[in-house]
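Undergrad: Quick note: the sequence shown uses this note's numbering, first residue 111, plus one each step. Let me begin by handing over the structure; questions about it come next.
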Amino acid sequence: MESSTSAARTGRPRSAAADAAILAATREALVDLGWTGLTLGDVATRAGVAKTTLYRRWAGKSELVVDAVAELFDELELPDRGSLRADVESVVLEFAALLEQPATKTALMAVVAEATHDEPLRRRIRDAIVDRQKRLVVEGRRRAQRRGEIPDDQGDPAPQVDLIFDVIAGAVVHRTLVSCEAVDADWAARFTAVLLGGLTAYGA
């Protein structure tokens, strides 16, 4: 039987339902109030929890917003469309659609700006969003290898996974959030042709 001393040291377990409500309320507040108007007090009210509940879980607004956006990115999937080309086009369109959501757009632009002078926040973005979403590249490469579309790994695949992720994510983020241009099926197809075939093959 666990002693009362041990229980006190461990503390009250976190509530998954409360966390989900808080993160959903954060995204709602971002859409309604924007980055500057969002406060932890407003989020607590929307989520129906005490403000102290938020402060026990998150150090401040930036960390909370990163986790609220990370939850959306965790919903990204890589459906098997039958070929590497179709898989890439599919995830590019899915990623772009996520970036077009008002909460994602507002939050991502804001936390990236804040992270330019906040190294702990940069690490949290890498850990909670960037590194977790590299799973899609890993899954896509393994699937393509099973189909015989690309060679099996002959060494550490991590550097290539990092590069592929940077190319895809960088292009889609720049297109949607910086250039403010649409990522439609035609753009996704042309981008995928460049990614898979290289500039020489694409221009041929």
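Ideal Cβ positions, reconstructed from N, Cα and C, are used throughout, including at glycine.
Since V316 contacts A180 with CB under 8 Å, what's their CB separation in whole angstroms?
TA: Coverage of the chain is limited to positions 111 through 314, which leaves residue 316 absent and any answer about it impossible.
Undergrad: Output needed for A281: all residues of its chain with C-beta closer than 7 Å, excluding positions within five of it in sequence on either side, in chain order.
TA: F301
Undergrad: Below 8 Å on the Cβ atoms is my contact criterion, and I expect L305 with V283 to pass it. Report the Cβ-Cβ distance as a whole number of Å.
TA: Contact between L305 and V283 does not hold, since their C-beta atoms are separated by about 15 Å, which reaches or exceeds 8 Å.
Undergrad: DSSP three-state label for Q255, please.
TA: In the three-state reduction of the DSSP assignment, Q255 falls in the helix class, which pools H, G and I.
Undergrad: For E284, name the three-state secondary structure that DSSP assigns.
TA: Note that residue 284 is His in the sequence shown here, rather than Glu. Correct three-state label for H284: helix.
Undergrad: If you draw a straight line from the C-alpha of G151 to the C-alpha of R251, how long is it?
TA: 44 Å
Undergrad: Just to confirm, is the Cβ distance from L194 to L133 under 9 Å?
TA: Between L194 and L133, the gap from beta carbon to beta carbon reaches 9 Å or more.
Undergrad: Label D197 either buried or exposed according to how many other C-beta atoms from any shown protein chain fall within 10 Å of its C-beta, with 16 as the threshold for buried.
TA: buried
Undergrad: Looking only at its chain, what residues have a beta carbon closer than 8 Å to the beta carbon of V153, apart from the 5 residues adjacent to it on each side?
TA: I132, A135, T136, A139, L164, L174
Undergrad: Whose C-alpha, out of G258, E291, R167, G307, is nearest the C-alpha of A207?
TA: E291
Undergrad: The ligand GTP heavy atoms versus the CB of A139: any closer than 8 Å?
TA: What this structure holds is no ligand at all, so the ligand GTP is not there to describe.
Undergrad: Taking three-plus beta-carbon pairs below 8 Å as touching, is the segment 181 to 188 in contact with the segment 207 to 227?
TA: yes
Undergrad: Helix, strand or coil for W168 per DSSP?
TA: coil
Undergrad: I'd like to check one pair, F275 with V240: are the Cβ atoms closer than 9 Å?
TA: Yes, Cβ-Cβ distance for V240 and F275 is below 9 Å.
Undergrad: Where V201 and V288 are concerned, what is the direct C-alpha to C-alpha distance, given to the nearest angstrom?
TA: 20 Å
Undergrad: What residue range does the alpha helix (DSSP H) around R236 cover?
TA: It is not in any alpha helix (DSSP H) - R236 carries neither H nor E in the DSSP assignment.
Undergrad: Could you please give the first and the last residue of the uninterrupted alpha helix (DSSP H) stretch that includes E199?
TA: 194 to 209
Undergrad: Flag this pair as yes or no: are the beta carbons of I260 and A268 separated by less than 9 Å?
TA: no
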